[in-house]
Each structure stands twice: as structure tokens, then as C-alpha cells.
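Chemist:
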Amino acid sequence: MSQTLEQSATPIPEKRELTTLPRFSDRVFRGVVTTGGLSSLVILGLILGFLLYNGYSTLRQQGMHFLTGSNWQAVISDSGAFDVKNSHFGLAAMLIGTMIVALIAIAVGVPISVGAATYLTFYAPNAIKKIMVSAIDLMAAFPSVLFGLWGFFVLQPSGEYWAKLIHKYLGFIPFFQLPAPYVTRSPFIAGLVLAIMIIPIVTSVSREIFSQTPLDRIQAAYALGATRFAMLRAVAFPYARSGIVGGVMLGLGRAMGETVAVYTVLNIVYQVNWQILFSAGGNVASMILLKFGEASPNEVKALMAAGLVLFILTLIVNSIANLIVTRTGKSGR
Amino acid sequence: MELTAQAGSLSAITSAREVKEPGNRALGVGLEARGVHAWFGDKHVLSGVSLDFWPGTVTALIGPSGCGKSTFIRTLNRMHEFIPGAAMAGDVLLNGEDIYAPGVDVTKIRLKVGMVFQKPNPFPSMTIAENVLAGLKLAQLKSENKDDLLEECLERAGLWSEVKDRLNTHGGALSGGQQQRLCIARSLAVRPQVLLMDEPCSALDPGSTLRIEETISHLTSSVTIIIVTHNMQQAARVSDYTAFFLSDGGPGQMIEVGSTNEIFSRPKDKRTENYVTGRFG
Numbered sequence: 022m023s024q025t026l027e028q029s030a031t032p033i034p035e036k037r038e039l040t041t042l043p044r045f046s047d048r049v050f051r052g053v054v055t056t057g058g059l060s061s062l063v064i065l066g067l068i069l070g071f072l073l074y075n076g077y078s079t080l081r082q083q084g085m086h087f088l089t090g091s092n093w094q095a096v097i098s099d100s101g102a103f104d105v106k107n108s109h110f111g112l113a114a115m116l117i118g119t120m121i122v123a124l125i126a127i128a129v130g131v132p133i134s135v136g137a138a139t140y141l142t143f144y145a146p147n148a149i150k151k152i153m154v155s156a157i158d159l160m161a162a163f164p165s166v167l168f169g170l171w172g173f174f175v176l177q178p179s180g181e182y183w184a185k186l187i188h189k190y191l192g193f194i195p196f197f198q199l200p201a202p203y204v205t206r207s208p209f210i211a212g213l214v215l216a217i218m219i220i221p222i223v224t225s226v227s228r229e230i231f232s233q234t235p236l237d238r239i240q241a242a243y244a245l246g247a248t249r250f251a252m253l254r255a256v257a258f259p260y261a262r263s264g265i266v267g268g269v270m271l272g273l274g275r276a277m278g279e280t281v282a283v284y285t286v287l288n289i290v291y292q293v294n295w296q297i298l299f300s301a302g303g304n305v306a307s308m309i310l311l312k313f314g315e316a317s318p319n320e321v322k323a324l325m326a327a328g329l330v331l332f333i334l335t336l337i338v339n340s341i342a343n344l345i346v347t348r349t350g351k352s353g354r
Numbered sequence: 021m022e023l024t025a026q027a028g029s030l031s032a033i034t035s036a037r038e039v040k041e042p043g044n045r046a047l048g049v050g051l052e053a054r055g056v057h058a059w060f061g062d063k064h065v066l067s068g069v070s071l072d073f074w075p076g077t078v079t080a081l082i083g084p085s086g087c088g089k090s091t092f093i094r095t096l097n098r099m100h101e102f103i104p105g106a107a108m109a110g111d112v113l114l115n116g117e118d119i120y121a122p123g124v125d126v127t128k129i130r131l132k133v134g135m136v137f138q139k140p141n142p143f144p145s146m147t148i149a150e151n152v153l154a155g156l157k158l159a160q161l162k163s164e165n166k167d168d169l170l171e172e173c174l175e176r177a178g179l180w181s182e183v184k185d186r187l188n189t190h191g192g193a194l195s196g197g198q199q200q201r202l203c204i205a206r207s208l209a210v211r212p213q214v215l216l217m218d219e220p221c222s223a224l225d226p227g228s229t230l231r232i233e234e235t236i237s238h239l240t241s242s243v244t245i246i247i248v249t250h251n252m253q254q255a256a257r258v259s260d261y262t263a264f265f266l267s268d269g270g271p272g273q274m275i276e277v278g279s280t281n282e283i284f285s286r287p288k289d290k291r292t293e294n295y296v297t298g299r300f301g
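The listed protein sequences correspond, in order, to chains U and R.
Our numbering puts the first residue of the first sequence at 22, with every later residue one more than the last.
Our numbering puts the first residue of the second sequence at 21, with every later residue one more than the last.
Here it is, written out as C-alpha cells:
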């Protein structure tokens, strides 16, 4: 007792700095992995700089019109020079179109993916599981142009049928109205193709997180007389929720940036269209692909600016997603 | 009831314990294992165990690691088959009915034969109250008065006074011992006839262990308890009967069963004597 009294009387010492002398091999390794880690950041920065450098002039000429306007006209004057005054570049229709198509893809693709992941983790016999996992992985490596072609020739005819059905029964909802009876190459069809394209990534992320569900909690649920469905609801879904949201965000990123497949099945129109079943949509990446081949140098700069906006939009969506994950994610863990 | 008489008296080790005569209680017929074998894949881990568990008694299963004790109790509520490749043979009768009979709903068996695990495993996404009542939700049972049930179960698990002011906080903030008692309360809420405890104190400090042992003694008025333990003092303190399991390299077997007093003072088998006296070999 007297000892503790004595100790409390002495002043509290300064905190010591904790150091260690790293070995040479350790420092080399540290250098290698630091380079690897930073290189992705550097590359990202270089792309951003490149887009800014090339797109800046367009952004300055167009101002807010670049985000709010919807007309895209590169005017060449009679002398053959680029006519800055009469050229208009507006991305609104493309940006809104991008979001609409991506959201359709999420709405259709995520339930399928989470269902598939649940089946594969908790229901499927091992043999079926192995086959399905490699099939889904193969799907992820499938070239997107093939999805586009398949979407155009196979999915679109049946998609038309579904679109008409939705219009017939849910047509009172503004999104499902049709100004004219054209339902091919609509945001709806493009969204369906994208939904299929995001299934592999969302499924494998969800499956991964489901398979990490702590065994002792699963057993606790079963030992309390839970059915498998009750166990999933009480244990697996709360545990996996944040991970699944992360997977959905990866899927959303892919859906927003997908170019060729959307280009194949979407009729790009420079006018904001909220009617998803109608044959008119927008998509920034596909528009860039559409215009790039025959664009004049000045229009290419406008396309660069469009790329920059898409880049930033993706960044914003991902940040919001991260925020959602950190806000809601921890409680089930 | 007479059986609560010696509850909580830890100093009274085996000799002071009254041996409960089987069949003198109105808690059903009890649980019977008949020639139970168990396999993991091709590995035969448990051979021909027959044991009766009388209602309202505590039976301790002792024996060195790997002798099949845990596997055996997991066959008693069909948690054994949860492991891929697991198989069993023999019969387990609950109130005279085979729990492995075709057409039996396994979730109903697990409601009647509850389980407390080695590591406390409350559901972290649920509050303390939700954890206790989780079984009702999971098994879709109805309860007239959930508040009463909540208090009763926490009281019986010896946790009520410690958590009654924070029932709506998450269970993860409790100490290990409190979490384990929360798990016991959770098991009690579905009103099991039998409670299986798989080394419930092995991850806990002595103080928490003491509380759980007190809890066990209080529970015997309404539940039949089967407890696996490596702690022989614990077996001596809490149990009425003790079964000794051993594996000689092959599948685990039950060597001897008897009243705890007998097993610890005058075991019939030399191997049991060696084990309980610490001269194992």
C-alpha cells in the first residue's frame, strides 16, 4: 500500500518515443510495396489531370450549360474552323440517362445476385456450388460486347414483351408511360443487359461475405430451433449487410461506366427522358464512344470534359456509398 | 421441491450431495441414448454410448480432449449433423420418442433440447432483450407476455439484476461471463426440457464460472442438464451423475457412469480412477 502511495507522488514521466531500426531487407520490401500502393493513386491522378487539361476549355466555354443543357452540337463554320459561339455541349440528358440505366441494373440485378449468393452459400450441394461458382466467375470475364450483342438479339425481343406488359398494367406511373409505341433500345432494355453484367461481381462479393458468417452464431440460431430461413434473417443477413452494400457499389460503378454493351442496346437521344420504357436514353460513356470516331479536335475536348464529369460522378456515388456502409454497416458484426 | 435444497452450496462437494433417485420427478420421462455411434466422414469418433438422463438431474460428461464428449451431446439435439460429412447410428429417445425418426422436424427437437456453447455467442446485432427473446422469433413461437418472460429468463440465468437497467443496449458490451449467462437465458426462453452445455465455463474467469455453476444448480427444478466439462471440481460441484469418456486411439467410448459421488470416490474402472485422481495414463 505504501508503495502505491509513493508511486502516485512521483511525477508522471514523459511518454517515450517508440522506435525500431528496420533491417535493410525490410526497408527494400517496404519500398516495393509502397511503390505498388501509390502507383494506382498516381495513375488515377494522371488520368484526372489528363481529362482536366483537355476538357478545361470546353468547361470554361460552356459553363453550367455543360451540366444543365442537353444539346450536343459541334458547329464548323464555312471557313472550316470550329465555331465556338454556335457550338453547344450539354450533358444533362446523358448524365440522367446514365443514372437511370444504372439504377435499373441495380434494381433488377441485386436481388438476383443476393438470392444466388444465398443459395450458393447456404443451400447448394457442393457439386452444384462448384459448377455455379466457376460459371459465375466466367460470366465476369465475358467480353461486354458479347453481352451487348446477346442483349440486342436475344434479350431485346423478350424485353419488349415485358416492357409492353409493364406499360399496360403500371402505365399510370409516370416512369412507365410511353409517348409513342417504341420500346426497343430503351433504358429499360439497357438496364436489363447491365443487370446481367453486374450479377457476377455482386454475387461473388455477397457470397464471400456470407461464407464468413461466424459459425458460432449460425449454430446458436439453429440450437434455438431456427429454420434455415429464420437463421438467415437473424444472423447471416445482418452480418453481411454492409458487405453486400459494398458489392452493390462495385456493381453500380460498373453499371455507370459500362460503354459497349449499353451502346449496342440503347438509343442515345439528346433529350432528358424519364420514361424508361421509351426508346430514348442517354449514357455518358456510350455517347463518348458514339462521337469519338468522327469528332473534330475541339469536339474531342468536349468529350474529354464529359469523361471528367463521369469520373467525378462515379467518385461522388462511391463516396456516398462508403458513407452508407460506415453508417449502417457495423451493427450486425 | 427437494432438489433445490443443496443449490448453491459450493463447499459441499460430492459427499454432501444427495443422489437423486431417478424417476421421482414430474418432468417427463427424460432423455435416453441407446447405442449411439458417431462418424465424421470415415472417422469413427464415438462408439456405442448408452446413457439415461433422468429428469431434473445434472449429468457431467468428463474425459480427456478428443474422447467424443462434445460429439455425443451434439447427437442429443441433432446439432451433430450440422457438420458436413457427419453421420450417426443408434437411437436417442426424448420422452420415449426417437428424435431421429423419419418425419421428425429437427427444429422442434432443438426447441426441446437447448444448447449452450463453449464460447459465448450472443447475436451482436440484437439488444440484450432481443437476444433473450430471439428464440421465440427464430422458431416463430408466440408469447403472451414477453416482458415477464424476459425478466424470468434473465432471473433464472442470474443476470437480471446486472442488466435490468440496460435491456435495450447491445449484448456485445457485456463481459464474457455475462454474455454466457445471456446465452443461458436465451436458451431458457423457449422452455427446453433438456439443456446441453458444452464446456460453458472454459472461456470464463473463476468468478463468472462460479455464477454459472450457481445458475446451473438453480435450473434443475425445471430442466435436465447435461454438461461437458474438463474441470473435475466443476463436475463434482454441480452434477448428480458423472459419465467418464475415453478414447484409446480409436473411437471414444463411455467407460463408466454413476452417481458423481461414486465416480469420484470409488470408481469401478481403473482408468476412471486414474483420470479422476489426476494419475492419467
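For each residue, glycine too, the CB sits at the ideal point set by N, CA and C.
Values in this document were obtained by computation on a predicted structure and should not be read as measured data.
List the residues of chain U whose Cβ lies closer than 8 angstroms to the Cβ of Val210/R, in chain order.
Modeler: Within 8 angstroms Cβ-Cβ: Leu245, Gly246.
Chemist: Within 8 angstroms of any Cβ in chain R, is that where the Cβ of Val135/U sits?
Modeler: Closer than 8 angstroms: no.
Chemist: In whole angstroms, what is the alpha-carbon distance linking Lys150/U and Thr139/U?
Modeler: Computed Cα separation, rounded: 11 angstroms.
Chemist: Helix, strand or coil for Val281/U? Go by DSSP, reduced to three states.
Modeler: Three-state result, Val281/U: helix.
Chemist: Alpha carbon to alpha carbon, how far is Ile247/R from Val277/R?
Modeler: Computed Cα separation, rounded: 14 angstroms.
Chemist: Counting C-beta neighbours from all protein chains within 10 Å, is the total for Gly68/U 16 or more, i.e. buried, or is it exposed?
Modeler: Here residue 68/U turns out to be Ile, not Gly, going by the sequence shown. Exposed: under 16 other Cβ atoms inside 10 Å.
Chemist: Under the rule that 16 or more other beta-carbon atoms within 10 Å means buried, what is Pro208/U, buried or exposed?
Modeler: With 16 or more other Cβ atoms within 10 Å, it is buried.
Chemist: According to DSSP, what are the bridge partners of Ala58/R?
Modeler: In DSSP, Ala58/R forms a bridge with Leu66/R, Met108/R.
Chemist: Determine the closest residue to Val243/R out of Gly134/R, Lys63/R, Leu113/R, with distance taken between C-alpha atoms.
Modeler: The shortest Cα separation from Val243/R among Gly134/R, Lys63/R, Leu113/R belongs to Gly134/R.
Chemist: Just to check my reading of the structure: Gly278/U and Thr335/U have Cβ atoms closer than 8 angstroms, yes? What is that Cβ distance to the nearest angstrom?
Modeler: That pair is a contact at about 6 angstroms.
Chemist: Three-state secondary structure (DSSP) at Gln296/U?
Modeler: Of the three classes helix, strand and coil, the one that applies to Gln296/U here is coil, per DSSP.
Chemist: Note down, in chain order, every chain U residue with its Cβ under 9 angstroms from the Cβ of Arg130/R.
Modeler: Correct list: Tyr243, Ala244, Leu245, Gly246, Ala247.
Chemist: Rounded to whole angstroms, what's the CA-CA distance from Thr248/U to Ala301/U? Just pull it up for me.
Modeler: The straight-line gap from Cα to Cα measures roughly 47 angstroms.
Chemist: What residues of chain U sit near Met99/R, judged by a beta carbon separation below 8 angstroms?
Modeler: What Met99/R touches in chain U: Gln240, Tyr243, Ala244.
Chemist: With 8 angstroms set as the bound, which would you pick, yes or no: does the beta-carbon of Leu336/U sit closer than that to a beta-carbon of chain R?
Modeler: No - not a single Cβ of chain R is within 8 angstroms of the one on Leu336/U.
Chemist: Using alpha carbons as the reference points, say which of Ala80/R, Ser228/R, Gln160/R lies closest to Phe250/U.
Modeler: With distances taken between Cα atoms, Phe250/U lies closest to Gln160/R.
Chemist: Helix, strand or coil, according to DSSP, for Leu236/U in the structure here?
Modeler: It is helical.
Chemist: Does the beta-carbon distance from Leu224/R to Leu239/R come in below 8 angstroms?
Modeler: For Leu224/R and Leu239/R, no; Cβs fall outside 8 angstroms.
Chemist: For Lys89/R, does the count of other Cβ atoms within 10 angstroms reach 16, so buried, or fall short, so exposed?
Modeler: By the 10 Å Cβ count, Lys89/R comes out buried.
Chemist: I'd like the list of long-range same chain contacts for Leu179/R, defined as Cβ closer than 7 angstroms, with 5 residues on each side in sequence excluded.
Modeler: Cβ neighbours of Leu179/R beyond the five flanking positions: Gln198, Arg201, Leu202, Ala205.
Chemist: Could you tell me whether the segment 272 to 286 of chain U touches the segment 111 to 123 of chain U, using the rule of 3 or more Cβ pairs below 8 angstroms?
Modeler: Because the criterion of three Cβ pairs below 8 angstroms is met, the segment 272 to 286 of chain U and the segment 111 to 123 of chain U touch.
Chemist: Tell me which same chain residues have a C-beta within less than 6 angstroms of the C-beta of Gly61/R, skipping the five on either side of it?
Modeler: For Gly61/R, where only same-chain residues beyond five positions count, the Cβ hits under 6 angstroms are Gly105.
Chemist: Would you identify the three-state DSSP class for Val210/R, choosing helix, strand or coil?
Modeler: Correct three-state label for Val210/R: coil.
Chemist: Run through the segment 67 to 134 of chain R for me and flag every whole alpha helix (DSSP H) of 4 or more residues, listed as ranges in chain order.
Modeler: Runs found: 89 to 96, 126 to 132.
Chemist: Which residues of chain U have a Cβ atom closer than 7 angstroms to the Cβ of Met108/R, listed in chain order?
Modeler: Ordered by position in chain U, no residue passes the 7 angstroms Cβ test against Met108/R, which lies about 16 angstroms from the chain.
Chemist: Along chain U, in chain order, which residues have C-beta atoms closer than 9 angstroms to that of Arg206/R?
Modeler: Result: Ala241, Leu245.
Chemist: Between the C-alpha atoms of Val105/U and Leu62/U, what's the straight-line distance to the nearest angstrom?
Modeler: Looking at the two C-alpha atoms, the distance is approximately 35 angstroms.
Chemist: Got a sec? Which residues, its chain only, sit under 7 angstroms from Asn420/U by beta carbon, not counting five neighbours each side?
Modeler: No answer is possible for residue 420/U: it lies beyond the span of chain U, which begins at 22 and ends at 354.
Chemist: Report the option in Val53/U, Asn75/U, Arg44/U whose CA atom is closest to the CA atom of Glu320/U.
Modeler: Closest by alpha carbon: Asn75/U.
Chemist: Just tell me which of Ser317/U, Ala316/U, Gln94/U, Gly328/U has its CA closest to the CA of Asn304/U.
Modeler: Of Ser317/U, Ala316/U, Gln94/U, Gly328/U, the residue nearest in Cα terms is Gly328/U.
Chemist: Based on the DSSP secondary-structure assignment, which residues constitute the bridge partners of Ser279/R?
Modeler: According to DSSP, which records beta bridges pairwise, Ser279/R is partnered with Tyr261/R.
Chemist: With distances taken Cα to Cα, identify the nearest neighbour of Arg291/R among Pro140/R, Pro220/R, Asn151/R, Ile275/R.
Modeler: Nearest C-alpha to Arg291/R: Ile275/R.
Chemist: What residue range is occupied by the uninterrupted beta strand (DSSP E) comprising Val248/R?
Modeler: First-last of the beta strand (DSSP E) with Val248/R: 244 to 248.
Chemist: If distances are taken between C-alpha atoms only, which option among Leu72/U, Pro200/U, Thr234/U comes closest to Ser263/U?
Modeler: When only C-alpha atoms are compared, the closest one is Thr234/U.
Chemist: Using a Cβ-Cβ cutoff of 7 angstroms, what residues of the segment 163 to 195 of chain R are near chain U? List them in chain order.
Modeler: Of all residues in the segment 163 to 195 of chain R, none has a Cβ within less than 7 angstroms of some Cβ in chain U.
Chemist: Just verifying my parser: in three-state terms, what is the DSSP assignment at Val63/U?
Modeler: Val63/U falls in the helix class under three-state DSSP.
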